[in-house]
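Visitor:
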Amino acid sequence: MDKKNPLKARNFPSAQDEAATVRLPSRYAGPGSSYGMAYADTEFLLREELRPVRMQLELMKPELIQQDQGVESTIVIFGSARFKAREEAEAMLASAQDAGHPDAIRHAERMVANVRYYEEARRFAELVTRDADALGEPVIITTGGGPGIMEAGNRGAFDAGGRSMGMSIHLPFEEDPNPYITPELCFQFHYFAIRKMHFLMRAVALVSFPGGFGTMDELFEVLTLAQTRKIRRRPIVLFGRAFWDRVVNFEALADEGVISHADLGLIHYAETAEEAWDIIKRTYRDDDPELTARQNRAA
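Be aware that the sequence shown starts at 285, since it is given in my numbering, and climbs by one per residue.
#1: With a threshold of 8 Å between beta carbons, is leucine 329 in contact with chain D?
#2: Run through the DSSP bridge pairs and tell me what tyrosine 553 is partnered with.
#3: Go to methionine 451, then tell me how far its alpha helix (DSSP H) extends in each direction, as first and last residue.
#4: Between which two residues does the alpha helix (DSSP H) harbouring isoleucine 478 extend?
#5: Confirm, please, whether the CB-CB distance from glycine 498 to glutamate 459 is below 8 Å.
#6: How is alanine 536 classed by DSSP in three states: helix, strand or coil?
#7: Compute the Euclidean distance between the alpha carbons of serine 357 and isoleucine 425, then round it to the nearest angstrom.
#8: Look at the Cβ atom of phenylalanine 493, then the Cβ atom of serine 317, and state whether they are nearer than 8 Å.
#9: Under the three-state reduction of DSSP, which class applies to threonine 413: helix, strand or coil?
#10: Between Ala378, Asp562, Glu468 and Met376, which lies nearest to alanine 489 when the distance is taken from Cα to Cα?
#11: Decide yes or no for the touch test of the segment 524-535 against the segment 547-559: beta carbon pairs closer than 8 Å, at least 3 of them.
#12: Compute the distance between the beta-carbons of alanine 441 and glutamate 410, then report whether it is under 8 Å.
#13: Closer than 6 Å by C-beta to proline 422: which residues in its own chain qualify, once you throw out the five before and the five after it? Chain order, please.
#14: Under 6 Å Cβ to Cβ from proline 346, same chain only, skipping five residues before and after it: list those, please.
#15: Based on the DSSP output, what are the partners of phenylalanine 362 in its beta bridges?
#16: Sort out for me which residues DSSP pairs glutamine 472 with in a bridge.
#17: Throw me the rounded Cβ distance for the isoleucine 478 and methionine 339 pair, which I believe falls under 8 Å.
#18: Find the nearest neighbour of tyrosine 401 within the set Lys368, Ala380 and Leu419, judged by alpha-carbon distance.
#19: What separation, rounded to the nearest whole angstrom, lies between the Cα atoms of lysine 349 and methionine 449?
#20: Along the chain, where does the beta strand (DSSP E) that runs through isoleucine 349 open and close?
#21: Could you work out which residue in His454, Tyr464 and Pro297 is closest to tyrosine 475 when comparing CA atoms only?
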């Protein structure tokens, strides 16, 4: 709106202006009163019957803010919230060894071994952010906003001096969003379905590091949508083939006929940040015959 041009001045006050000037008469300012603007009434908006409205708001808020912030293309990083940075994992192992608890020691040893995933996720995000125009337009790293691999992704973008997005989900045991997310692009969701939709709405690629139920849920939703052509095909990169071959036998699914062998072409594997980024760049540059053939078979 052009505030300097009286011809373009508002004919009606904005909802924000009106809500700020509402005065509650003393007789109707107490508990149980229905007086007040519906859109400013939190108790009303939280009614069970208003769930469809809340879902719409949760869809619209991140969408409008991303439009305001000029976010058009993202690369989404999935992965375990439990993986640690090296210093934290080594401190965990030292503490377990001091306590002499065998189970705690074994767990901490696994955390130290898995540090490489945190480090590669951080390097990948830094690499993408520094080379953000390589696909022809800026891309922004997006994560689930939490700790572990998510923190590593946002941290790598932060290290590179760029923006990154975090889409946190409200959980009873969840920590605060990690401190490396661009504040204007840090969102909180109540509905898993809306959150996963936002992961994909602007994604030009998805990179999944090892993870648990949440990671598997996000990965298989992406694979299903790509397989059924409900979304545009885009690179899906699994990081750490030894892990994925051990926990998911995609070849067996194809051999049993529950997916086609062509569906295996939806998946790429990478071991380093550079390899993952090269796969994505080559796919969009369309100058890699092998990758192009795989995408065509999957299509």
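Every residue gets a Cβ at the ideal spot worked out from N, C-alpha and C, and that includes glycine. In this text, all values refer to a predicted model and were calculated from it rather than measured experimentally.
Guide: Judging by the given coordinates:
#1: Among the chains of the structure shown, chain D does not appear; only one protein chain is present.
#2: Leu522
#3: Premise fails: methionine 451 lies in the beta strand (DSSP E), 448-453, not in any alpha helix (DSSP H).
#4: 476-485
#5: no
#6: helix
#7: 9 Å
#8: no
#9: helix
#10: Asp562
#11: yes
#12: yes
#13: Ala416
#14: Phe471 and His482
#15: Ser492
#16: Ser452
#17: 6 Å
#18: Lys368
#19: A quick correction: the sequence has isoleucine, not lysine, at residue 349. If I take the Cα positions, the gap works out to 11 Å.
#20: Element bounds for isoleucine 349: not the beta strand (DSSP E) but the alpha helix (DSSP H), 335-352.
#21: His454
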